[in-house]
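The numbering used here runs 291 ahead of the 1-based position in the sequence shown.
Ideal placement from N, C-alpha and C gives every residue a C-beta, glycine not left out.
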Amino acid sequence: MSLTDRDRKHLWHPYTQHKTAAPPVAIVRGQGALLWDESGKQYIDAIASWWVNPFGHSNRFIADAIYKQLTSLEHVLFGGFTHEPAVLLAEKLIEILPRNQQKLFFSDNGSTAVEVALKASLQYFHNQNQKRTTVIAFEDAFHGDTFAAMAASGISFFTQAFQGMLIDVVRIPVPVPGREQDSKAALREAIQNHDCAAFIFEPLVLGAAGMVMYEPQILDELIAICKESHVLTIADEVMTGFGKTGKTFACDYLARQPDMMCLSKALTGGTIPMAITTFTQQIFDGFYSDDINKALFHGHTFTANPTGCAAALAAISLWQQPGMQENVSRINMQHRNFLDTIKTHPRVATTRLIGVICAIEIKTDNHESYYGNLRNKLYDFFIQNGVILRPVGNIVYILPPYVITNEQLATIYATVAKALDQVS
Ligand SMILES: *Cc1c(COP(=O)(O)O)cnc(C)c1O
């Protein structure tokens with residue numbers, strides 16, 4: 292029996308309607324930007340396995356760091372204990388994070404990193420006996436699938452079954468070009484009419500919304516408005532972190548810095564699940580007290596897992612290696628050339644580009660839903676042609692590992708171009 296057949300007996304997959312979904316592809320091996328399935332078919336991982344893998348699959352350098360850590364200290368509880376990999380990782384991150392970030396809190400995934408930031412925001416004001424219980428978020432945001440993260444997410448597909456059970460969130464328009472003033476006005480109105488604790492945003496690129504992009508200047512203005520009213524700001528860099536936008540963090544494009552940042556996905560180079568929420572000293576001090584009740588009562592069993600820390604340290608040193616950031620510029624150039632060739636294709640509505648992320652919006656008659664018909668046909672076409680791409684509705688985006696070769700990129704582009712001609 293194939294792995295795919297055995298999978299069907301007991302496994303429940305994410306975001307999957309098992310009655311109608313095609314059977315999953317069983318991957319047995321990965322190397323660089325390539326994956327192979329159990330029948331030996333090769334695929335190019337054009338989305339870095341949900342945006343986690345910048346340095347290639349089965350990366351030897353990270354694997355060695357993990358093995359070394361596993362054979363000296365695989366795990367120890369972080370309540371009342373510490374260890375060198377956590378200390379080294381904190382020191383390393385403080386060097387590369389925006390200067391105002393001073394304190395790091397570990398968890399396991401992007402949703403928990405967001406959960407921690409939101410809980411900390413709400414408790415920060417609670418600790419000062421201020422009633423601030425509303426969170427501001429963008430309309431099409433995605434911040435994860437745990438309850439507070441889900442509340443902050445605007446894509447109804449993911450949250451519709453849980454309406455009425457979520458924390459209070461006010462949504463404002465994404466400040467895409469042309470909507471900057473609407474977004475600013477809505478933010479001002481939200482702050483005026485609600486007791487707002489925090490504004491959470493995906494800086495410069497909304498990933499799950501279909502790589503929707505906006506400019507750093509307007510985000511600076513939104514942050515400034517929040518600062519005037521002491522509304523805390525949370526940059527969810529779970530997707531954008533570690534080079535995706537061309538700089539280490541999307542916030543590096545900003546003049547004003549957020550109070551909190553959420554990191555995960557590429558943090559460990561796509562190897563071990565780990566996340567970090569980072570804070571300014573001021574937020575940390577809001578919990579610093581003789582009163583035990585003012586502590587942040589949040590934690591996870593595998594908090595600051597030493598093996599995960601070792602993987603993250605290795606991943607960050609790969610990011611800092613000569614040549615790696617040049618890879619990002621190289622991919623950006625290749626993307627730009629490709630977009631230039633297809634911009635005028637009759638089926639292309641718009642294109643977007645930042646760092647290693649490019650997106651192509653395909654013209655449709657009716658509003659294509661997240662998991663609509665065209666989307667499924669495109670997905671199947673790409674898989675058949677050995678390219679892993681997961682369109683969001685009518686938006687096809689590419690976000691490859693940084694180690695992808697120009698030849699592999701050319702194959703992805705040719706496959707997308709062919710889909711534009713053949714799939715409708
Ligand atoms: C993926 C993602 C999350 C959720 O991360 P998980 O590890 O899937 O829980 C949160 N925020 C953003 C911006 C993401 O892209």
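Exercise. Of all the beta strand (DSSP E) runs that stay within the bounds of the segment 617-682, which reach a length of 3 or more residues?
Worked result: 639-645 and 648-653
Exercise. Is the beta carbon of residue 402 within less than 8 Å of some heavy atom of ligand 1?
Worked result: yes
Exercise. Is it buried or exposed for residue 306, if we count other Cβ within 10 angstroms and need 16 for buried?
Worked result: exposed
Exercise. Between the segment 540-556 and the segment 357-364, are three or more C-beta pairs nearer than 8 Å?
Worked result: no
Exercise. To the nearest angstrom, how far is it from the Cα of residue 690 to the Cα of residue 700?
Worked result: 10 Å
Exercise. Which residues in the same chain as residue 299 place their Cβ atom closer than 7 Å to its Cβ, once the five residues preceding and following it in sequence are excluded?
Worked result: 314
Problem set entry | DSSP state of residue 502 mapped onto helix, strand, coil | coil
For this session: Taking all protein chains shown into account, decide if residue 626 is buried (16 or more other Cβ within 10 angstroms of its Cβ) or exposed.
Result: buried
Exercise. Counting pairs of beta carbons, one from the segment 512-522 and one from the segment 388-407, are three or more of them closer than 8 Å?
Worked result: no
Exercise. What did DSSP end up calling residue 369 once you bin it into helix, strand or coil?
Worked result: coil
Exercise. To which residues does DSSP link residue 716 through a beta bridge?
Worked result: The structure shown has nothing for residue 716, since the chain only spans 292 to 715.
For this session: Quick one: grab the DSSP three-state call for residue 530.
Result: coil
For this session: Answer with buried or exposed for residue 610, where buried requires no fewer than 16 other C-beta atoms within 10 angstroms of its C-beta.
Result: buried
Exercise. Taking C-alpha atoms, which residue in 470, 374, 415 and 641 lies nearest to residue 571?
Worked result: 415
For this session: Report yes or no: do three or more beta-carbon pairs, one from the segment 419-428 and one from the segment 480-497, lie closer than 8 Å?
Result: yes
For this session: Helix, strand or coil for residue 448, going by three-state DSSP, please let me know.
Result: helix
Exercise. For residue 409 versus residue 423, is the C-beta distance shorter than 9 Å?
Worked result: no
For this session: Would you grab the beta carbon distance between residue 552 and residue 569 for me? Rounded to a whole angstrom, and I think it's under 8 Å.
Result: 5 Å
Exercise. Would you say the beta carbon of residue 450 comes nearer than 8 Å to a heavy atom of ligand 1?
Worked result: no
Exercise. Can you tell me whether residue 348 is buried or exposed, with buried defined as 16 or more other CB within 10 angstroms of its CB?
Worked result: buried
Exercise. Hey, out of 682, 685, 704 and 678, whose CA is closest to residue 335's CA?
Worked result: 678
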